[in-house]
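In full-length UniProt numbering, the protein residues as written are 1 to 422.
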C-alpha cells in the first residue's frame with residue numbers, strides 16, 4: 001500500500017489528469033469524472049480509508065498496464081506515447097502481479113491483471129505478501145513458467161587447444177567418483193576434470209586408426225570397472241571404442257548399423273546403450289561388442305538427442321518433439337513427459353537419486369531445467385540467467401545436487417546449484 005500511495009503521489013499532474021478520465025474512452029464502466037480535486041496527491045491514508053478517487057486512479061493504472069518499458073508521458077500534450085521508461089517508475093503494482101509488456105497502448109491487447117475484473121479491486125482484495133524465507137531466491141520469468149534461478153558454482157573451459165580448453169565439445173558424462181569427463185570433439189581427445197574444474201588428465205591421439213580418436217562426440221563410463229566408452233567417427237559414420245580407466249585403448253566395437261550416436265549410457269548390468277538420431281533406434285550392446293537387442297522408436301519420436309536409464313526404463317529426449325519418450329527395456333513404449341511450452345528442444349536428461357527426472361534445454365540461449373516426477377508431473381523449473389548457453393549438450397546431476405551441463409558453442413562446462421543441493 002505504501003508503494004501504491006507513493007506511486008500516485010509521484011505521478012505528474014498531467015498524467016493524473018489522463019488517468020482519471022482514461023477509462024471513459026475505452027470502457028463502458030463508470031468512473032468518477034475529473035474534478036478540481038483530482039490533482040491532489042493521493043496518500044496512504046486515502047487508500048486505507050477507502051477513498052473512491054484513490055481507487056479509481058488505481059484501477060486506471062491497472063487498465064493502462066503501465067510498466068518501465070511501454071510508455072512515457074508527453075508533459076506538454078498530455079498524451080500517453082509508446083516507448084521510453086515510465087515517469088512514475090512503474091514496473092509492478094503488486095509484488096505478486098507483474099504486468100506483461102504490451103505492444104502498444106491498446107487496452108484490448110492487455111491481459112487482465114488477475115483472475116477477476118480490475119473493477120473488483122477494493123481494500124479487501126489487497127493482502128501484504130508474506131515475508132520471504134531466509135536466503136530465498138526470486139523467481140524469474142522464462143517465457144514459459146516462473147523458474148527458480150540457478151547460481152553458478154563453477155564454470156570452466158574456453159575455446160582453444162591447450163590443456164583444459166575445448167573446441168566444440170559435443171558430450172560429457174560423470175565418472176565413478178563423479179569426475180566430469182568431456183568429449184572435446186574438435187581437439188580429438190577426452191578430458192577428465194574434478195567437480196571444481198581442475199584438469200586431472202586427458203587422453204587421445206588424433207587419427208582414424210584403432211586407439212586413436214577422430215571427432216569424439218559421446219563418452220560414458222562403466223561404473224563397475226571405470227572403463228571409458230567413446231563414440232567417434234573413425235573410418236565409418238560412427239565408431240565405438242573401449243579405453244581403460246587410465247585412458248589406454250582396449251578394443252573397438254563395430255557399430256556400422258548406427259549413423260550418429262546422439263545418446264550414450266551404461267546400464268547397471270554393464271550393457272552399453274546407444275541411441276541413433278538419424279533413424280531413431282535404441283541399441284543395447286555388451287562390453288564385448290555383441291548386439292544384445294535393439295528396438296525402433298521412430299513411431300514415437302522424431303529426433304533423439306540424449307538418453308537416461310533408471311531401473312528397466314529408458315528415457316529418451318526427443319529434440320524436435322519437445323518431450324521425453326519413455327520405453328521399457330524391451331522396447332515397449334510407455335508414455336511421454338513434457339511439452340513444447342516447458343521442454344522446448346530438450347538436449348539433456350538425468351534422473352536424481354530421489355527419482356526425479358531433470359530435462360535440460362538451452363532454448364533462447366538460456367539453460368533451463370524442468371523437473372518432473374516419475375509419473376510425468378511437473379514439479380519445478382530452474383534457469384541460469386547469469387550466462388549465455390548456446391546449444392547445451394547433456395545434463396547430469398551429482399550426488400550433492402549440483403547440475404552439470406556442457407555449452408558446445410560457448411566451449412565451457414557449467415556446474416550449477418539447485419534446490420537439490422544438500
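Idealized CB from N, CA, C, for every residue including glycine.
Taking the alpha-carbon positions, what's the residue i to residue j distance?
{"i": "residue 378", "j": "residue 316", "result": "17 Å"}
{"i": "residue 243", "j": "residue 146", "result": "43 Å"}
{"i": "residue 151", "j": "residue 247", "result": "33 Å"}
{"i": "residue 404", "j": "residue 339", "result": "23 Å"}
{"i": "residue 236", "j": "residue 149", "result": "43 Å"}
{"i": "residue 350", "j": "residue 210", "result": "31 Å"}
{"i": "residue 196", "j": "residue 266", "result": "25 Å"}
{"i": "residue 375", "j": "residue 335", "result": "9 Å"}
{"i": "residue 215", "j": "residue 260", "result": "12 Å"}
{"i": "residue 279", "j": "residue 299", "result": "11 Å"}
{"i": "residue 167", "j": "residue 161", "result": "7 Å"}
{"i": "residue 245", "j": "residue 217", "result": "18 Å"}
{"i": "residue 371", "j": "residue 358", "result": "5 Å"}
{"i": "residue 389", "j": "residue 417", "result": "16 Å"}
{"i": "residue 328", "j": "residue 262", "result": "19 Å"}
{"i": "residue 198", "j": "residue 297", "result": "39 Å"}
{"i": "residue 155", "j": "residue 319", "result": "25 Å"}
{"i": "residue 294", "j": "residue 264", "result": "14 Å"}
{"i": "residue 354", "j": "residue 228", "result": "26 Å"}
{"i": "residue 302", "j": "residue 321", "result": "6 Å"}
{"i": "residue 93", "j": "residue 268", "result": "Annotation note: pLDDT 36 at residue 93 (below 50); position unreliable, coordinate value reported separately. Whole-angstrom Cα-Cα distance: 54 Å."}
{"i": "residue 369", "j": "residue 387", "result": "15 Å"}
{"i": "residue 208", "j": "residue 187", "result": "14 Å"}
{"i": "residue 213", "j": "residue 406", "result": "20 Å"}
{"i": "residue 333", "j": "residue 323", "result": "14 Å"}
{"i": "residue 224", "j": "residue 314", "result": "20 Å"}
{"i": "residue 325", "j": "residue 220", "result": "21 Å"}
{"i": "residue 402", "j": "residue 240", "result": "29 Å"}
{"i": "residue 312", "j": "residue 356", "result": "16 Å"}
{"i": "residue 345", "j": "residue 337", "result": "13 Å"}
{"i": "residue 419", "j": "residue 194", "result": "22 Å"}
Classify residue i as helix, strand or coil using the three-state DSSP reduction.
{"i": "residue 411", "result": "coil"}
{"i": "residue 165", "result": "coil"}
{"i": "residue 364", "result": "helix"}
{"i": "residue 148", "result": "strand"}
{"i": "residue 398", "result": "coil"}
{"i": "residue 185", "result": "helix"}
{"i": "residue 387", "result": "coil"}
{"i": "residue 359", "result": "strand"}
{"i": "residue 269", "result": "coil"}
{"i": "residue 250", "result": "strand"}
{"i": "residue 154", "result": "strand"}
{"i": "residue 205", "result": "coil"}
{"i": "residue 231", "result": "strand"}
{"i": "residue 313", "result": "strand"}
{"i": "residue 176", "result": "coil"}
{"i": "residue 416", "result": "strand"}
{"i": "residue 405", "result": "strand"}
{"i": "residue 424", "result": "Past the boundaries of the shown model lies residue 424; the chain is included only from 1 to 422, so the question cannot be answered."}
{"i": "residue 392", "result": "strand"}
{"i": "residue 211", "result": "coil"}
Compute the distance between the beta-carbons of residue i and residue j, then report whether it is under 8 Å.
{"i": "residue 273", "j": "residue 307", "result": "yes"}
{"i": "residue 169", "j": "residue 393", "result": "yes"}
{"i": "residue 283", "j": "residue 258", "result": "yes"}
{"i": "residue 174", "j": "residue 396", "result": "yes"}
{"i": "residue 414", "j": "residue 367", "result": "yes"}
{"i": "residue 222", "j": "residue 171", "result": "no"}
{"i": "residue 255", "j": "residue 277", "result": "no"}
{"i": "residue 364", "j": "residue 347", "result": "no"}
{"i": "residue 230", "j": "residue 285", "result": "no"}
{"i": "residue 425", "j": "residue 226", "result": "Outside the shown range of the chain (1 to 422) lies residue 425, about which nothing can therefore be said."}
{"i": "residue 164", "j": "residue 412", "result": "no"}
{"i": "residue 399", "j": "residue 178", "result": "yes"}
From the beta carbon of residue i, is the nearest beta carbon of chain C less than 8 Å away?
{"i": "residue 302", "result": "Of the chains in the structure shown, none is chain C; there is only one protein chain."}
Cβ of residue i within 7 Å of any heavy atom in the ligand FAD?
{"i": "residue 291", "result": "Among the components modelled here there is no ligand, and therefore nothing to report on the ligand FAD."}
The stretch 247 to 267 / the stretch 281 to 293 touching (three or more Cβ pairs under 8 Å): They touch, by the three-pair rule.
Those runs of the beta strand (DSSP E) which lie wholly inside the stretch 316 to 354 and span at least 3 residues: With a minimum length of 3 residues, the continuous beta strand (DSSP E) runs that stay inside the stretch 316 to 354 are 323 to 328, 333 to 337, 348 to 351.
Cβ pair count under 8 Å reaching 3, the stretch 175 to 189 against the stretch 200 to 217: Here the stretch 175 to 189 makes contact with the stretch 200 to 217; the two share three or more CB pairs at distances below 8 Å.
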